[in-house]
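Undergrad:
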Amino acid sequence: MPQPVVFRPRGGLILAVIAIALSAVVLVFAGITGGAEGLVLWGWPIVAFAWLAWLVYIHPCVVITDGFVEIRNILRTHRVPWGDVDEVGSQYALTVRTRAGRSIRAWAAPAPSARRAMSTRREEVAHSPGDGDMRRPSDAEGTESGDAATIVGRHLESYRRAGGPALPGSATTTWNVPLTVLTAVLLVAAAASLVGAAAHG
1 MPQPVVFRPR
11 GGLILAVIAI
21 ALSAVVLVFA
31 GITGGAEGLV
41 LWGWPIVAFA
51 WLAWLVYIHP
61 CVVITDGFVE
71 IRNILRTHRV
81 PWGDVDEVGS
91 QYALTVRTRA
101 GRSIRAWAAP
111 APSARRAMST
121 RREEVAHSPG
131 DGDMRRPSDA
141 EGTESGDAAT
151 IVGRHLESYR
161 RAGGPALPGS
171 ATTTWNVPLT
181 VLTAVLLVAA
191 AASLVGAAAH
201 G
């Protein structure tokens with residue numbers, strides 16, 4: 001069985017790695033200069049910052065397998081079997097529309113900025129799925145929404161060509177409860193540490 005294709009935007013990965021690396025450096029510096037007290041005062045805000053970088057830029061992704069497309073957003077994860085995919089779009093972000101008419105957008109594959117859209121050339125969308133007059137800048141090669149929509153669209157087309165059955169109503173949504181709880185705990189701890197640092201100062 002082929003390995004799943006996992007799509008994450010490179011720009012977000014780079015930002016997250018930089019943020020996490022800086023957090024590690026600052027955490028070490030706080031420990032060296034302030035000792036245990038410095039870590040107690042500044043450790044939680046630093047850890048929370050690194051966690052948010054991971055949560056926003058690394059955790060969200062689009063996973064594509066032979067059986068389904070999975071859209072992992074910050075708070076929820078959507079798994080849509082190919083038989084329940086009605087349409088794939090990219091107007092505001094990679095969007096998977098189910099046979100029931102539900103639209104699921106991917107945090108990891110947003111449409112390009114207005115500036116990028118204005119500078120998009122016709123040849124950049126020439127190989128994107130869809131009719132020529134219906135293609136948008138968000139379908140262009142090299143954009144997060146366009147690249148993701150192309151991959152998802154090709155898998156959907158392969159599924160339909162192979163005679164895959166329609167499976168309406170089979171999409172599932174799961175709330176990312178552990179991540180949400182951990183994020184809340186870290187933010188509360190960070191806020192408490194900052195209040196304590198202000199009082200200490």
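Going by full-length UniProt numbering, 28 is the number at position 28 of the sequence shown; the sequence numbering is gapless.
Idealized CB from N, CA, C, for every residue including glycine.
In the DSSP assignment, find the alpha helix (DSSP H) that holds T143 and state where it starts and stops.
TA: Per DSSP, T143 belongs to no alpha helix (DSSP H) and is neither H nor E.
Undergrad: Alpha carbons only, please: which of Y159, I46, G31 is nearest the one belonging to V188?
TA: I46
Undergrad: What are the start and end residues of each continuous beta strand (DSSP E) run of 3 or more residues lying completely inside the stretch 7-89, in chain order?
TA: 61-64, 68-72, 76-81, 85-89
Undergrad: Which of the three DSSP states is assigned to T95 in this structure?
TA: strand
Undergrad: In this structure, does DSSP put G169 in helix, strand or coil?
TA: In the structure shown, G169 falls within a coil segment according to DSSP collapsed to helix, strand and coil.
Undergrad: To the nearest angstrom, report how far apart A114 and V40 are at their CA atoms.
TA: Because A114 sits at a pLDDT of 43, beneath the cut-off of 50, its placement in the model cannot be relied upon, and the point is left open.
Undergrad: With distance defined between alpha-carbon atoms, name the residue in A171, T150, A166 nearest to V5.
TA: T150
Undergrad: Quick check on DSSP: helix, strand or coil for P110?
TA: strand
Undergrad: What are the partner residues of T174, as DSSP defines its beta bridges?
TA: T77
Undergrad: Closest to L75 by CA distance: which of A190, P60, S145, A109 is it?
TA: P60
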